[in-house]
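A short worksheet on the structure shown next.
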Amino acid sequence: MITLLLHAFFSTGIAYLFSWMNGSLTTTIAVVSLLLGTWMARGRAKALIARAPGLRTFEIAHGESGTIEAIIAALVAYLCFRHFAWLFFYVDGRYMTLHQNNFGDLPLHINYIREIANGLSFPPVNPSFASEVLRYPFGP
10 MITLLLHAFF
20 STGIAYLFSW
30 MNGSLTTTIA
40 VVSLLLGTWM
50 ARGRAKALIA
60 RAPGLRTFEI
70 AHGESGTIEA
80 IIAALVAYLC
90 FRHFAWLFFY
100 VDGRYMTLHQ
110 NNFGDLPLHI
120 NYIREIANGL
130 SFPPVNPSFA
140 SEVLRYPFGP
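To get my numbering, take the position in the sequence shown, counting from 1, and add 9.
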């Protein structure tokens with residue numbers, strides 16, 4: 010689990026940095042960031058395990074605490090599936106969602122994902138303010 014979290018952290022950071030330097034996200038940047046993220050995560054996870062040999066990486070604890078851990082993991086996996094599986098789906102030629110609150114910013118985010126995947130300049134332009142880039146409370 011630690012390796013997967015580190016992989017997500019390193020790959021995302023590398024992709025963001027390379028996309029910012031290049032001006033857009035490309036397939037090459039995505040592949041390189043995933044490969045570098047894998048290499049960095051494995052190295053960092055090995056260093057963490059060497060420093061703390063009792064650190065559990067993939068195993069569930071034995072005994073009562075392990076049972077609770079397994080139940081919580083299964084519950085979280087089920088709830089994530091229930092939430093995300095029907096967040097956005099295609100039925101009878103239309104895209105649907107099961108919750109009205111998803112109509113607020115879901116189309117905006119899907120549009121950004123599509124444009125970034127197609128080579129849009131990075132960071133993308135803010136649709137509300139034509140001369141501004143999209144900004145969140147963090148980032149450049």
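Beta carbons are placed, not taken as given, at the ideal position from N, Cα and C, and that holds for glycine.
Fill in: Element boundaries [beta strand (DSSP E), containing Val-100]
Looking up residue 100 in the sequence shown gives position 91. Counting along the chain, the beta strand (DSSP E) containing Val-100 begins and ends at 98–100.
Worksheet item: Pick from Gly-102, Val-40, Ile-58, Ser-33: whose alpha carbon is nearest that of Phe-19?
Response: Along the sequence shown, one-based indexing puts residue 19 at 10. Ranking the options by Cα distance to Phe-19, first place goes to Val-40.
Fill in: With 16 other Cβ atoms within 10 Å as the buried cut-off, status of Cys-62
The count along the sequence shown starts at 1 and reaches residue 62 at position 53. According to the sequence displayed, residue 62 carries Pro and not Cys. Classification of Pro-62: exposed, given that the 10 Å Cβ count is below 16.
Fill in: Of the listed residues Leu-64, Leu-57, Ile-38, nearest to Leu-26 (C-alpha basis)
Reading the sequence shown from its first residue, position 17 is the one you call residue 26. Of Leu-64, Leu-57, Ile-38, the residue nearest in Cα terms is Ile-38.
Worksheet item: How big is the Cα-Cα spacing for Val-100 and Ala-56?
Response: Looking up residue 100 in the sequence shown gives position 91. Looking up residue 56 in the sequence shown gives position 47. Those two C-alpha atoms are separated by around 48 Å.
Discussion item. DSSP has Tyr-25 in a bridge; who is on the other side?
Written reply: Within the sequence shown, residue 25 is the residue found at index 16, counting from 1. The partner list for Tyr-25 (beta bridge, DSSP) is empty, contrary to what the question assumes.
Worksheet item: Which one or two residues does DSSP pair with Arg-103 in a beta bridge?
Response: For this step, residue 103 is matched to residue 94 along the sequence shown. In DSSP, Arg-103 forms a bridge with Val-100.
Discussion item. Using the Cβ count rule (16 or more neighbours within 10 Å means buried), how would you classify Ile-122?
Written reply: Taking the sequence shown and counting its residues from 1, the one referred to as residue 122 is at position 113. Classification for Ile-122: exposed.
Worksheet item: Looking at Tyr-104 and the ligand MN, is the gap between the Cβ and the nearest heavy atom below 7 Å?
Response: For the structure depicted, the ligand MN is absent and the ligand set is empty, with no information on it obtainable.
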